[in-house]
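Protein sequence lines, in the order shown, are assigned to chains S and D.
Take the first sequence: its position 294, counted from the start at 1, is 274 in the working numbering, and no numbers get skipped.
Take the second sequence: its position 101, counted from the start at 1, is 1330 in the working numbering, and no numbers get skipped.
Glycine included, C-beta positions come from ideal geometry on N, C-alpha and C.
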Amino acid sequence: MGRISFFFKEAFGSLRRNYFMTIAALVTVFLSIVVLGGVLVFVFLTDALLQEVEKKVEITVYLKTDPDPTADEVTTMQEQINSWAEVKNVTFVTKEQALQRMKEDYADSPEIFESLTSNPLPASFEISLIDPQAVDIVAARFEGDSIVDEVRYGKEIADKLFAFTDQARNFMLIFIVLLGVVSILLISNTIRLSIFARKREVEIMKLVGATNWFIRWPFLIEGITVGLVGAVVAVAVVLAANHYLLGRVSDNLAFLSVPVDAVPYVLVTIILLGVGVVIGAAGSAIGLRRFLRV
Amino acid sequence: MIKFEDVTKIYPPSTVGLEKVTLHIEKGEFVFLVGPSGSGKSTFIRLLIREIEPDRGKIAVGGRDLDTLRSWKIPYLRRNIGCVFQDFKLLTNKTAFENIMYALVVTGAATSSSKKKAAEILSLVGLGHKAESYPHELSGGEQQRVSIARAFVNHPPLLMADEPTGNLDPETSMGIMQLLYRINKTGTTVLMATHDREMVDRMRRRVIQLEAGRVVRDQKRGGYGED
């Protein structure tokens, strides 16, 4: 029987003997990591959504209607836009297409269009960009153009959205850190309770001449085992819940197109398992500290 | 083996544990430490295994100066002092055999030989047949035997017993005393704190009597009371 196998035997023996404490610690770890995992997945999801939104920042250039630009002017402008390096794609939407779209959007209430005698909608260019950040520069080029009425690119909305999500992200980061601290405290408390019940045992070990590390190892192994098992169950729950909820969301809210790889599952799993191990070990170490001063 | 030089220990605020105690115990001696409760016997023992530190004075055990001993070395000091207590201090979730093994594994002793050693020492204290019993399945006398076996399994130069017969009937106590006597015969210094008047009178060994933290008597072949 080597030293290491002795430590493992001690650790698992006491996990079994103090099963009530083991379960209490397991539940604590599990709950902490489920919450942590939920927040983590949420952070990744909002991040992915943000990037989607960013990609969708499009420039719409409305052309004048009175008089409408000539076909030549339109072609010249389209070629010019196409020649810009920042532009990924440009589509010309005619007045008729614009009206058609509107009719489709309001298919439920066709009476809106009954009173129309002519088509009031402007023709427009819809420009998508390679780099969404270049939106300002490209938009500025249309200023003062004789056939351009208005340039819209949802800049304000995008900026507000970014500011909000940045704040939300910082907030969540702080939340995660606090959550980690609370978990460690909770677990070290749970483990301290279990160690307190074994205070006499630790005293005897010290009297027989056990070094602090000799006493500590089995407790650390116990803590890490509890942390790891709790984390594994929590990871399973978090990933299953994520899968289920994403399915529901994309069924019901089709416009929120979350990319399939939004949540890096492997990374999340590794982070959560790591946190479980650290929480378990730190909890044991902190819980044991007081009793080693005999 | 043990040297106390002018040792004083005060428990805050002003309870005297030991006061200006100077004494030497040589290797191989068998010494009784007697005196009423609160006279300083336990303080003496706790100082010896460095559970507490003195306020003044020097203590040396086996040539080791305790006040310069680094705290990480305390476990190694304790491995050289076998400890036996009134309440046995056995690990309740381990069998008699495992309790003894624990003391061996702690020292990092080789494993196949330590199993043999543990089995041997158990039969030496007459409990070879109870190796797989847990402490609660053993009588007080048997538990104390296991405790002595554990204290002695590493063959420490010093064995220290704090009221080892305090919870036992006279007949069982006699067996425990014989065990300690045999251990002393192997050259191990034995220090025993006790209330057991009859035992001390019968053994006729060195007696150190404490009262209110002071040594009031140190007699080569004494009895419990003065004679």
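Enclosing alpha helix (DSSP H) for E(-10)/S [first to last residue]: Bounds of the alpha helix (DSSP H) holding E(-10)/S are -17 to -3.
Buried/exposed call for D85/S, threshold 16 Cβ in 10 Å: Taking every protein chain shown into account, the CB of D85/S has fewer than 16 other CB atoms within 10 angstroms, so this residue is exposed.
Reduced DSSP secondary structure (H/G/I, E/B, other) of M1230/D: Shown here, M1230/D sits in coil according to DSSP, grouped into three states, outside any helix or strand.
Alpha carbon of V274/S to alpha carbon of V246/S, nearest angstrom: Low local confidence applies: a pLDDT of 49 at V274/S is under 50, so the model's placement there is unreliable, and no value is given.
A1422/D - containing beta strand (DSSP E), residue span: Annotation: the continuous beta strand (DSSP E) that includes A1422/D extends over 1418 to 1423.
Residue closest to G1416/D, alpha-carbon to alpha-carbon, out of V1444/D, M1432/D, P1385/D, A1325/D: The shortest CA-to-CA distance from G1416/D to any of V1444/D, M1432/D, P1385/D, A1325/D is the one to P1385/D.
Continuous alpha helix (DSSP H) stretch holding N1413/D: start and end: Note, N1413/D: alpha helix (DSSP H), 1399 to 1414.
Within chain S, partners of Y1305/D - CB distance below 9 Å: Here the neighbours are G189, T191.
Whole-number beta carbon distance between L109/S and I53/S, since they are thought to touch under 8 Å: According to the sequence displayed, residue 53/S carries Glu and not Ile. Actually they are not in contact, since the Cβ atoms of E53/S and L109/S sit about 23 Å apart, beyond 8 Å.
Length of the line joining the Cα atoms of P244/S and F24/S: Each residue's alpha carbon lies about 8 Å from the other.
Local conformation of H1315/D per DSSP, three classes: Residue 1315/D is actually Gln in this sequence, not His. When secondary structure is reduced to three states using DSSP, Q1315/D falls in the coil class, being assigned neither helix nor strand.
Residue from L166/S, Y133/S, I184/S, P100/S with nearest C-alpha to Q77/S: Of the candidates L166/S, Y133/S, I184/S, P100/S, the residue whose Cα lies closest to the Cα of Q77/S is P100/S.
Residue from F(-14)/S, A214/S, L226/S whose Cα sits closest to the Cα of I251/S: Cα-wise, what sits closest to I251/S is A214/S.
Cut-off 6 Å between Cβ atoms - residues of its own chain near G1267/D, not counting five sequence neighbours on either side: The answer is none, since no qualifying residue turns up.
Cut-off 6 Å between Cβ atoms - residues of its own chain near A261/S, not counting five sequence neighbours on either side: The answer, listed in chain order, is L200, G203, I204.
Residue environment, W193/S, which counts as buried when at least 16 other CB atoms sit within 10 Å: By the neighbour-count criterion, in which 16 or more other beta carbons inside 10 Å mark a residue as buried, W193/S falls on the exposed side.
Straight-line Cα distance separating Q58/S from V71/S: Rather than Val, the amino acid found at residue 71/S in this sequence is Thr. Their backbone Cα atoms lie some 8 Å apart in a straight line.
Simplified DSSP state of G124/S, which is helix, strand or coil: Taken through DSSP and simplified to helix, strand or coil, G124/S comes out as coil.
I184/S at chain D interface by Cβ criterion, 8 Å: Yes, I184/S lies at the interface with chain D (some Cβ there is under 8 Å from its Cβ).
Where the alpha helix (DSSP H) containing A51/S begins and where it ends: Here the alpha helix (DSSP H) through A51/S covers 51 to 63.
C-alpha distance - W197/S paired with N150/S, whole-angstrom precision: As the crow flies, the alpha-carbon of W197/S is around 37 Å from that of N150/S.
Beta carbon of V285/S nearer than 8 Å to that of V37/S: No statement about residue 285/S is possible, as the shown extent of chain S runs from -19 to 274 and does not include it.
Rounded C-alpha distance that separates R1443/D from K1256/D: Between R1443/D and K1256/D, the C-alpha separation is close to 23 Å.
F1326/D: first and last residue of the uninterrupted alpha helix (DSSP H) it sits in: Segment 1325 to 1335, the alpha helix (DSSP H) holding F1326/D.
Cβ-based burial, I154/S [other Cβ within 10 Å; buried from 16]: Counting the other Cβ atoms within 10 Å of the Cβ of I154/S gives fewer than 16, which makes it exposed.
Bridge partners - T71/S, DSSP secondary structure assignment: DSSP lists E106/S as partners of T71/S.
Validate contact between the region 1325 to 1332 of chain D and the region 1372 to 1379 of chain D using beta carbons, cut 8 Å, 3 pairs: Touching, yes.
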